[in-house]
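Have a look at the structure below before the remarks.
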Amino acid sequence: MEMELGRRIGSRIRQLREERGLTQAQFAEMTGKAVETISNMERGKTIPGLLTLDQFARHLGVPLEEMVKSNQPEADPHSQNAAIVAAAARRLPDNEMELVAGMIGLLDKQRRKSRRSQP
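Note that the sequence shown covers residues 1 to 119 in UniProt numbering.
Structure below.
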């Protein structure tokens with residue numbers, strides 16, 4: 001999740017910077033950061049802190065919340081939830097993953113049973 005967040009924020013920084021016709025070098029000079037730092041942030045290698053995001057937002061002329069807004073089309077809530085579950089599942093040990101898989105199986109079975117009983 002953290003890498004995804006870094007890439008999303010970095011992509012947004014790049015998008016906003018490029019929309020304003022700024023090179024990484026120009027943006028680095030404006031913000032007092034090294035070009036390498038800007039590059040690392042835009043590639044999601046480094047996640048900027050809140051104060052840095054606020055500084056970038058001011059220099060780019062956008063509200064702070066624009067810095068974390070995705071530049072991708074909004075995914076439907078079901079897809080977002082599935083991605084969250086998948087990301088969390090990757091961090092679980094095998095025995096806990098088996099438990100989660102069993103719980104999902106029971107929920108699915110109950111849902112199908114409920115559908116059959118409805119007219």
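All C-beta atoms in this analysis are idealised placements derived from N, C-alpha and C, irrespective of residue type, glycine included. In this text the structure is predicted, and so the values were computed from the model without any measurement.
Which residue marks the beginning of the alpha helix (DSSP H) containing residue i, and which one marks its end?
i      : result
Arg58  : 50 to 60
Leu107 : 94 to 117
Met30  : 24 to 31
Thr37  : 35 to 42
Could you tell me the distance, in whole angstroms, from the CA atom of residue i to the CA atom of residue j?
i      : j      : result
Arg14  : Leu5   : 14 Å
Leu99  : Arg90  : 14 Å
Met3   : Lys45  : 8 Å
Lys33  : Ala82  : 37 Å
Gln118 : Gln110 : 13 Å
Thr52  : Asp108 : 45 Å
Glu18  : Lys69  : 16 Å
Gly105 : Arg8   : 32 Å
Met103 : Ala88  : 15 Å
Ile47  : Arg12  : 12 Å
Glu29  : Val35  : 8 Å
If the criterion is Cβ atoms closer than 9 Å, does the pair residue i and residue j meet it?
i     : j     : result
Thr23 : Phe56 : no
Arg43 : Gly10 : yes
Leu16 : Leu60 : yes
Mind the definition here: the stretch 110 to 119 touches the stretch 89 to 96 only if three or more C-beta pairs lie below 8 Å; say whether that holds. With a cut-off of 8 Å, the stretch 89 to 96 and the stretch 110 to 119 do not count as touching, because too few Cβ pairs lie within range.
Between the stretch 62 to 70 and the stretch 27 to 46, are three or more C-beta pairs nearer than 8 Å? With a cut-off of 8 Å on Cβ pairs, the stretch 62 to 70 is not in contact with the stretch 27 to 46, counting fewer than three such pairs.
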